[in-house]
Structures are given as structure tokens and as C-alpha cells.
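Engineer: Numbering (this note's numbering), first residue to last: 15 to 185.
We put the beta carbon where it would ideally sit given N, CA and C, even for glycine.
Owing to the predicted nature of the structure, the values given are computational and were not obtained by experimental measurement.
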Amino acid sequence: MSVFRRLLRRPALPEGVVLDADEHVIATAEVAGGGQVLATSRGLWLPGSDGEPELLNWHLISKATWEGGALRVIPSREIETVAGAVLIADEAPLRVRLAEPRRVPETVHRRVTGSIKSRHHRDLPSGGAWFVQRTVAGRDGIVLQVRADPGTDADAVRQVAGEVARRLRLT
Numbered sequence: 015m016s017v018f019r020r021l022l023r024r025p026a027l028p029e030g031v032v033l034d035a036d037e038h039v040i041a042t043a044e045v046a047g048g049g050q051v052l053a054t055s056r057g058l059w060l061p062g063s064d065g066e067p068e069l070l071n072w073h074l075i076s077k078a079t080w081e082g083g084a085l086r087v088i089p090s091r092e093i094e095t096v097a098g099a100v101l102i103a104d105e106a107p108l109r110v111r112l113a114e115p116r117r118v119p120e121t122v123h124r125r126v127t128g129s130i131k132s133r134h135h136r137d138l139p140s141g142g143a144w145f146v147q148r149t150v151a152g153r154d155g156i157v158l159q160v161r162a163d164p165g166t167d168a169d170a171v172r173q174v175a176g177e178v179a180r181r182l183r184l185t
């Protein structure tokens, strides 16, 4: 196969993965025990617990680390929107052992950290919260995410998130 043809060839996608028209594969790795991980322009495709592939968008990955042959990802979920600020909460960490990591760990690190434009921790009377401005793949602009520390009063977080969003003119 010519070098040109090899460069233009799209990798075979795992069953159940359907990419958006403007989504493309950046890196792939085989999962130990079967399956595949795909890093795309939109996010990270992981084998789901039910066997179906699951897409984690880059802006909804709170943290990703590579250690001992495994990729550990902490996804977050959107709880509610307050005046344009998106309140999020971390979910249980996901751990995927890769047979051959190839470029996946550095691609995940680059994409997750690259989506963060600024971050600031603010102390609140009942705890604190992280205020993170991130880009969202496939969309223009920046989103303000607010992740409360465990035990922080939700009403206090909502109030401060709304104030910050209005100051940033997100509404």
C-alpha cells in the first residue's frame, strides 16, 4: 500500500461507533482483553460496561491519568445551568487497561488540558468550588463549568455561579 493511501485510510471503527460528519480519529489503542479505545476530535470512545461504546466529550472529562498500563478517566455530568454557568459533578472513575497504548495517553492528556482555558478555585463559607472555562469540541465559544467541592452548600454554589456568569456576560 502506498504511503499516500495509508495516510488517507480511515481506521476501522469498533462496532457501534458512529462518528459525526466532522469528527475524525486522532489515536487508537487496543484494550487488554478485547475492545478498542478511540480518541477523536470530539472526545474519547471507551468500551461501555454493557459492551456498547460510550463517548466521553473532552469538556466532560475532569481528569485523566496514565499509570501502570491503564488509562484512568474521571468523567463529569452536567447537573444544571445557572445564568449560563454549567454546574457539573464528577462521576466514578473509569479504568481501562490498554494492551498497546500507542499515542492514546498523550492525546487524551493534550485534549483534556487543551480544552481548559482558565481555572480558579473559590472558597465559599461551606467549602469551595472550581470555576473552569473550557472550549467544547464542535462549538464556538467557551463554557463556564462549576464543580463544587464535596460537602459544599449547593445553594451557595448556585448563587456564586450565577454572579460569575453574569459578570462574564454568559447570559
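Between which two residues does the beta strand (DSSP E) carrying residue 125 extend?
Structural biologist: Segment 118-128 is the alpha helix (DSSP H) holding residue 125; no beta strand (DSSP E) there.
Engineer: Does the region 144-156 come close enough to the region 82-93 to have 3 or more Cβ pairs within less than 8 Å?
Structural biologist: Segments in contact, no.
Engineer: Go to residue 176, then tell me how far its alpha helix (DSSP H) extends in each direction, as first and last residue.
Structural biologist: Element bounds for residue 176: 168-181.
Engineer: How should residue 73 be labelled, buried or exposed, when 16 other C-beta atoms within 10 angstroms of its C-beta is the threshold for buried?
Structural biologist: Per the 10 Å Cβ criterion, buried.
Engineer: List the endpoints of the continuous beta strand (DSSP E) containing residue 70.
Structural biologist: Looking at the DSSP string, the run of the beta strand (DSSP E) that includes residue 70 is 67-71.
Engineer: Within this structure, are the beta carbons of residue 46 and residue 108 separated by less than 8 Å?
Structural biologist: No, the Cβ-Cβ distance between residue 46 and residue 108 is not below 8 Å.
Engineer: Compute the beta-carbon to beta-carbon distance between residue 56 and residue 152, rounded to the nearest angstrom, for a pair I have assumed lies under 8 Å.
Structural biologist: With 8 Å as the limit, residue 56 and residue 152 qualify as a contact, their Cβ atoms being about 6 Å apart.
Engineer: Measure the alpha-carbon distance for residue 48 versus residue 66 and round it to whole angstroms.
Structural biologist: Going by the C-alpha atoms only, they are around 13 Å apart.
Engineer: Suppose the cutoff is 6 Å on Cβ atoms and the five residues either side in sequence are ignored; what does the same chain contact list for residue 28 look like?
Structural biologist: Once the five neighbours on either side are set aside, the close Cβ partners of residue 28 are 50 and 67.
Engineer: Is the distance from the Cβ of residue 96 to the Cβ of residue 165 below 8 Å?
Structural biologist: No, they are not a contact pair.
Engineer: Short check: CB of residue 118 to CB of residue 41, under 8 Å?
Structural biologist: Cβ atoms of residue 118 and residue 41: closer than 8 Å.
Engineer: Would you list the one or two residues that DSSP bridges to residue 103?
Structural biologist: DSSP, once it has assigned bridges, lists 91 as partnering residue 103.
Engineer: Does the beta-carbon of residue 159 have 16 or more other beta-carbons within 10 angstroms, so that it is buried, or is it exposed?
Structural biologist: Buried, since its Cβ has 16 or more Cβ neighbours within 10 Å.
Engineer: Nearest-angstrom Cα distance between residue 150 and residue 75?
Structural biologist: In a straight line, the C-alpha of residue 150 is about 11 Å away from that of residue 75.
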